[in-house]
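In full-length UniProt numbering, the protein residues as written are 1 to 422.
Dropping the structure here:
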């Protein structure tokens, strides 16, 4: 009887989720300026915007990179996407997409089989040359790709230095916007930094097999490094978070490269971190508890613990990715295991939603995207189109959404009523 009851409960939950998803879909013309739902053949764990390619009368064309895993082989994918310019989408067509089909707005250009068929966990672009990609997989080495090359399916360089098995299911990767430097953390608590040339093939120290050793090695974490992030104004300063509940700040130029340490007092794993490019004192951290912390680095002392400026709760499951809106000091996005993408406005702190009954929610959550059916693995703000965000989830779909400006607040009844159960 127990098995039958469990099956009935699962069916009931699926029915509720399906009904709520359809309710959300029905309301999309009221919630979004643009919405692109692109179904994948297999799940994905990463997505990244590339360069803007041009525009048409009502569309901007931009490159996007992502991966598919679970396929044979796993693949890195380059695609062009047509994004509607603000206020040009016909609202009456917004909810007409087919959930199980690829979007006509997306044109796949290249599918690159991954080395040894391994799953790619993270993708980053080289900001100095957006045709260059850095990928991190379960292998103990990272790969560098030049998608402008006729031989783009062959890595132009391999970044070595991690020990065998230390990168299994690890997502800690970042690249500097100042110069072509790459950071990677691993399960042993080690962080490596590589310095490349704008043309990776010309990097000093690259051997005949394309191998590039690390420039520096950083030791300070006592458990898995979950994320790393460069200071947006420096190619030497960066921070890291890990399963030892630590947020660490580093400076590769200093003799003692670890310049400050903060221990999260509630003893919860720290999953992700992003450094505000508009206010270099602010960082946002996502946690295993579902909370997000806004941290002022000026208030952190060695070993004294994190005293976040703001500690915000909305997600009911771990947060896997956070990201500041590129030109804002107050807006950031978070994606979690509860299938939601939340957009926050910390200037609204302390305000409470009106007319929400028992479901009191803070107005810091100004938008909640409810269109994923699986765990949100990655998100990335568009660097050239305001208020536009790409996210990818375990349900084999990625979504590009553009919000009205300013976005609807969390007190908008239709936004909250369209939320589905997690």
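Virtual Cβ for every residue (Gly too), placed ideally from N, Cα, C. These figures come from a predicted structure and were not determined experimentally.
Expected contact under 8 Å - CB spacing of residue i and residue j to nearest Å
i           : j           : result
residue 81  : residue 105 : 6 Å
residue 216 : residue 172 : Between residue 172 and residue 216 the Cβ distance is about 15 Å, and since that is not below 8 Å, they are no contact.
residue 168 : residue 197 : Not really, about 30 Å apart at Cβ, beyond 8 Å.
residue 310 : residue 346 : 6 Å
residue 65  : residue 48  : 5 Å
residue 275 : residue 326 : About 12 Å; that fails the 8 Å criterion.
residue 424 : residue 85  : In this structure the chain extends from 1 to 422, so residue 424 is not present and cannot be described.
N-terminal and C-terminal residue of the beta strand (DSSP E) that residue i is part of
i           : result
residue 66  : 59-68
residue 398 : 397-402
residue 239 : 237-242
residue 393 : 388-393
residue 124 : 120-126
residue 229 : 225-230
residue 286 : 282-287
residue 248 : 246-251
residue 314 : Neither: residue 314 is in no beta strand (DSSP E) and is coded neither H nor E.
residue 374 : Here residue 374 belongs to no beta strand (DSSP E), and DSSP marks it neither H nor E.
residue 270 : 270-275
residue 323 : 319-324
residue 36  : 34-39
residue 308 : That residue, residue 308, is in no beta strand (DSSP E); it is neither H nor E in DSSP.
Residue i in three-state terms, based on DSSP
i           : result
residue 194 : strand
residue 24  : helix
residue 187 : coil
residue 337 : coil
residue 348 : helix
residue 80  : strand
residue 45  : coil
residue 176 : coil
residue 50  : strand
residue 418 : Legend: pLDDT at residue 418 = 35, less than 50; position of this residue unreliable, no value from coordinates given.
residue 95  : helix
residue 169 : coil
residue 85  : coil
residue 425 : With the chain running from 1 to 422 in the structure shown, residue 425 is simply not present.
residue 19  : helix
residue 434 : The displayed coordinates of the chain run from 1 to 422. Any statement about residue 434 would go beyond what the structure contains.
residue 159 : strand
residue 210 : coil
residue 130 : strand
residue 299 : helix
residue 31  : helix
Alpha-carbon to alpha-carbon, residue j and residue i
i           : j           : result
residue 338 : residue 125 : 27 Å
residue 148 : residue 131 : 6 Å
residue 288 : residue 294 : 15 Å
residue 368 : residue 23  : 14 Å
residue 349 : residue 374 : 29 Å
residue 91  : residue 56  : 20 Å
residue 246 : residue 261 : 7 Å
residue 161 : residue 226 : 18 Å
residue 36  : residue 390 : 9 Å
residue 174 : residue 117 : 22 Å
residue 28  : residue 103 : 16 Å
residue 189 : residue 180 : 23 Å
residue 424 : residue 312 : Here the chain has residues from 1 to 422 only, and residue 424 is not among them.
residue 322 : residue 378 : 8 Å
residue 332 : residue 101 : 30 Å
residue 401 : residue 154 : 33 Å
residue 26  : residue 370 : 12 Å
residue 38  : residue 156 : 30 Å
residue 384 : residue 141 : 31 Å
residue 123 : residue 186 : 16 Å
residue 94  : residue 146 : 36 Å
residue 224 : residue 166 : 9 Å
residue 129 : residue 199 : 8 Å
residue 285 : residue 292 : 5 Å
residue 328 : residue 334 : 15 Å
residue 237 : residue 280 : 11 Å
residue 30  : residue 107 : 27 Å
residue 278 : residue 380 : 16 Å
residue 133 : residue 256 : 31 Å
C-beta atoms of residue i and residue j nearer than 8 Å
i           : j           : result
residue 270 : residue 258 : no
residue 314 : residue 365 : yes
residue 170 : residue 209 : no
residue 241 : residue 273 : yes
residue 191 : residue 158 : no
residue 63  : residue 50  : yes
residue 79  : residue 109 : yes
residue 135 : residue 74  : no
residue 396 : residue 42  : yes
residue 67  : residue 77  : yes
residue 376 : residue 320 : yes
residue 163 : residue 235 : no
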